[in-house]
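Visitor: The listed protein sequences correspond, in order, to chains A and B.
Our numbering puts the first sequence at residues 723 to 911.
Our numbering puts the second sequence at residues 385 to 617.
Cβ atoms here follow ideal geometry from the backbone N, Cα and C, with glycine treated the same way.
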Amino acid sequence: MQAVSDEQLIQWVADGDASCLGTLFERHQKGLYNYALQLTRNAAQSEDLVQELFLRLLKKASSFRGESSFKAWAYHILRNLTFDQLRKSRRQQTDFASESMLEQELVDLRSAEQSASGEQQIQVLMNALARLPVDQQDIIWLGRFEFPDYQSLAVATDCSPATARVRMHRALKALSSVFETLNEVPQNV
Amino acid sequence: MSDRIEDDSELFGDSASRDLWQQLQTAQKAEPSAQLRQRVLHDLNRHGERSSSWWTRLLPATSPQWVGLAAACCASLGLGLLIFPPDIQIDQRMARLEMQLDSVNQQLLISRLTATSPSARLAAVLQASTLDQRDATIASALLQRAATDDVPSVRSAAIGALGDEINRPETSGQIFELLAANDSPIVQIAIIDLILRHGELTLLQSLKQRASDGEVHPSLVGYVEETMGALEI
């Protein structure tokens, strides 16, 4: 039993076999959805973005040159879609109450199980991550969960590996600082 | 500069940063809804239908340019059929579908290897052991079961299912670590049998050495020595 590579599948999509995109969807949907969810903090919007991504992949399959992995390419497109969406909805300018509500929604989605098992620290950490600027959440999430090396992280985030590294350093430092602050005050979530 | 983020010593200059990084890994991921799958698959089907009836879009086109284009398309199609007869195209598509099916089966198998029910995990291990060809993902999942499963019978079955994988240096290293770490005779005997059946000479010698060093359960030392004697090792 040999797995077909993502790159082979997208090549077949480019050749006209759209069904291969279904396999790619099954392989990556959870990671893509969680990435979009982290940035948008909205489940319905995240699903719309993933759906839109697969439509884009269908249309753009023939433009995949194989210079990077399929995964890095797909995340790069989803990242652009998500940032466009965030710009349109001016999410960063929402008032504090709305922000807290969305944050709570995210916490509910991700950490019901964790709360039940008493893993409060993880919950606090995810809260701290959600409080960072979107570009810092972006680099941490992709670096932690999807791209273990700076080379592929750079492709997904559209910068050089050296820049990705600098961004990662800054973001992790910021996360550490917010995490410490949250740990100092009692949590009401 | 190391390219791997985990190996970036400057990033994890203090232990707090590394702890934070490790803690993030344990975060639960949300599951997308079933509607998302339905919506995407619906899009793909719709695209497939559109692709198969593309010619209907040419019907209203009556201008000379479109007629010319349609004629050129027909000629290309005819030429294509001559070069790639339909049966070859069907064979190619079948081959692709078979590969995709293999891929889905593999995902299913890996998912069952981590099922909560021990009997489901055991069934998955037994299924994996019957595969003629396995890729590194399944071998790695089996090794994971062998090392971490709570149930000894699943661990021993996973060890047995590794087969010839045992001769890969990274696998044999982990198997010997398991041998040293496991007190369960049922798991140890599975490891010993695996090495005796599939191991190359260096592995057999290593096993003999470890048995005499006391890394093997006392009740199994005699079995190892006797078998090694029969094999003249």
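Which same chain residues end up closer than 7 Å to A:Arg809 when comparing Cβ atoms and leaving out the 5 residues on each side of it in sequence?
Guide: As a first step, residue 809 of chain A is located in the first sequence; it is residue number 87 there, counting from the start. Contacts found: none.
Visitor: In chain B, which residues lie less than 9 Å from A:Ile844 when you measure between Cβ atoms?
Guide: Within the first sequence, the letter at position 122 stands for residue 844 of chain A. By Cβ distance, chain B contributes Gln407, Leu408, Thr410, Ala411, Gln412.
Visitor: A:Asp871 versus chain C: which residues are under 8 Å apart at the beta carbon?
Guide: Judged by its chain identifiers, the structure shown contains no chain C, and its protein chains are A and B.
Visitor: Can you tell me the Cβ-Cβ gap for A:Ile862 and A:Thr879, rounded? I've got them flagged as a contact below 8 Å.
Guide: For this step, residue 862 of chain A is matched to residue 140 along the first sequence. For this step, residue 879 of chain A is matched to residue 157 along the first sequence. Contact doesn't hold; Cβ gap of about 11 Å is too wide.
Visitor: Identify, in the order they occur along the chain, each residue of the same chain with its Cβ nearer than 8 Å to the Cβ of A:Phe901, setting aside the five sequence neighbours on each side.
Guide: Sequence index remark: in the first sequence, residue 901 of chain A carries index 179 (1-based). Val846, Leu847, Ala850, listed in sequence order.
Visitor: Under 8 Å Cβ-Cβ, which residues of chain A neighbour B:His582?
Guide: Here the question's residue 582 of chain B lines up with position 198 in the second sequence. Here the premise fails: no neighbours, minimum Cβ distance about 19 Å.
Visitor: In whole angstroms, what separates the C-alpha of A:Val888 from that of A:Gln873?
Guide: As a position in the first sequence, residue 888 of chain A is number 166, starting the count at 1. As a position in the first sequence, residue 873 of chain A is number 151, starting the count at 1. Approximately 13 Å between the Cα atoms of the pair.
Visitor: Counting beta carbon pairs with one atom in the segment 766-779 of chain A and one in the segment 510-521 of chain B, are three or more of them shorter than 8 Å?
Guide: Touching, no.
Visitor: May I ask you to report which of helix, strand or coil DSSP gives B:Asp534?
Guide: Translated into the one-based positions of the second sequence, residue 534 of chain B becomes position 150. It is coil, neither helix nor strand.
Visitor: State the start and end residues of the unbroken alpha helix (DSSP H) segment that holds A:Lys895.
Guide: As a first step, residue 895 of chain A must be located in the first sequence, where it is residue number 173. Note, A:Lys895: alpha helix (DSSP H), 883-906.
Visitor: Taking only the alpha-carbon atoms, compute the straight-line gap between B:Gly583 and B:Ala574 and give it to the nearest angstrom.
Guide: Position 199 of the second sequence, counted from the first residue, corresponds to residue 583 of chain B. Position 190 of the second sequence, counted from the first residue, corresponds to residue 574 of chain B. Whole-angstrom Cα-Cα distance: 13 Å.
Visitor: Shorter than 8 Å from the beta carbon of B:Ser487 to some beta carbon of chain A?
Guide: Here the question's residue 487 of chain B lines up with position 103 in the second sequence. With 8 Å as the cut-off, B:Ser487 counts as an interface residue toward chain A.
Visitor: For B:Asp403 and A:Lys895, I'd like the C-alpha separation in whole angstroms.
Guide: Within the second sequence, numbered from 1, the residue matching residue 403 of chain B stands at position 19. Within the first sequence, numbered from 1, the residue matching residue 895 of chain A stands at position 173. For B:Asp403 and A:Lys895, the distance between alpha carbons rounds to 13 Å.
Visitor: Just the chain A side, please: which residues come within less than 7 Å of B:Gln484 by C-beta, in chain order?
Guide: Along the second sequence, read from residue 1 onward, the residue named residue 484 of chain B stands at position 100. Within chain A, the residues near B:Gln484 are Val726, Cys742, Thr745.
Visitor: Looking at the secondary structure, which residues open and close the alpha helix (DSSP H) in which B:Ser401 lies?
Guide: The residue labelled residue 401 of chain B in the question sits at position 17 within the second sequence. First-last of the alpha helix (DSSP H) with B:Ser401: 399-409.
Visitor: Could you please tell me which residues of the segment 769-780 of chain A, in chain order, have their CB closer than 8 Å to any CB of chain B?
Guide: Per Cβ criterion, the list reads Glu769, Val772, Gln773, Phe776, Leu777, Leu780.
Visitor: Cβ of A:Pro883 less than 8 Å from any chain B Cβ?
Guide: Walking along the first sequence from the start, residue 883 of chain A turns up at place 161. For A:Pro883, the answer is yes, since a Cβ of chain B falls inside 8 Å of its Cβ.
Visitor: Taking beta-carbon pairs under 9 Å, can you tell me which members of the segment 413-428 of chain B lie near chain A?
Guide: So the close ones are Lys413, Ala414, Glu415, Pro416, Ser417, Gln419, Leu420, Arg421, Arg423, Val424, Leu425, Asp427, Leu428.
Visitor: Can the beta-carbon of B:Ile389 be found closer than 8 Å to that of A:Pro870?
Guide: Numbered from 1 along the second sequence, position 5 holds the residue referred to as residue 389 of chain B. Numbered from 1 along the first sequence, position 148 holds the residue referred to as residue 870 of chain A. Yes, these two residues count as a Cβ contact at 8 Å.
Visitor: Who does B:Arg388 pair with in a DSSP beta bridge?
Guide: Along the second sequence, read from residue 1 onward, the residue named residue 388 of chain B stands at position 4. Partner(s): A:Asp871.
Visitor: Using the C-alpha atoms, what's the distance from B:Asp577 back to B:Ala499?
Guide: The residue labelled residue 499 of chain B in the question sits at position 115 within the second sequence. The residue labelled residue 577 of chain B in the question sits at position 193 within the second sequence. About 26 Å.
Visitor: How many Å lie between B:Val424 and A:Ala796 at the Cα?
Guide: Here residue 424 of chain B corresponds to residue number 40 of the second sequence, with the count starting at 1. Here residue 796 of chain A corresponds to residue number 74 of the first sequence, with the count starting at 1. When rounded, the distance between both Cα atoms is 15 Å.
Visitor: Specify the secondary structure class of A:Asn849 as computed by DSSP and reduced to three states.
Guide: In the first sequence, residue 849 of chain A corresponds to position 127, counting from 1. DSSP places A:Asn849 in helix when its eight states are reduced to three.
Visitor: Within the continuous alpha helix (DSSP H) that includes B:Arg505, where are the two ends?
Guide: Along the second sequence, one-based indexing puts residue 505 of chain B at 121. Taken as a continuous stretch (DSSP letters only), the alpha helix (DSSP H) holding B:Arg505 covers 502-513.
Visitor: Looking at C-alpha atoms only, which residue of A:Ala794, A:Asp739, A:Met890, A:Cys881 is the closest neighbour of B:Arg430?
Guide: The residue you call residue 430 of chain B lines up with position 46 of the second sequence. Closest option to B:Arg430, Cα to Cα, is A:Asp739.
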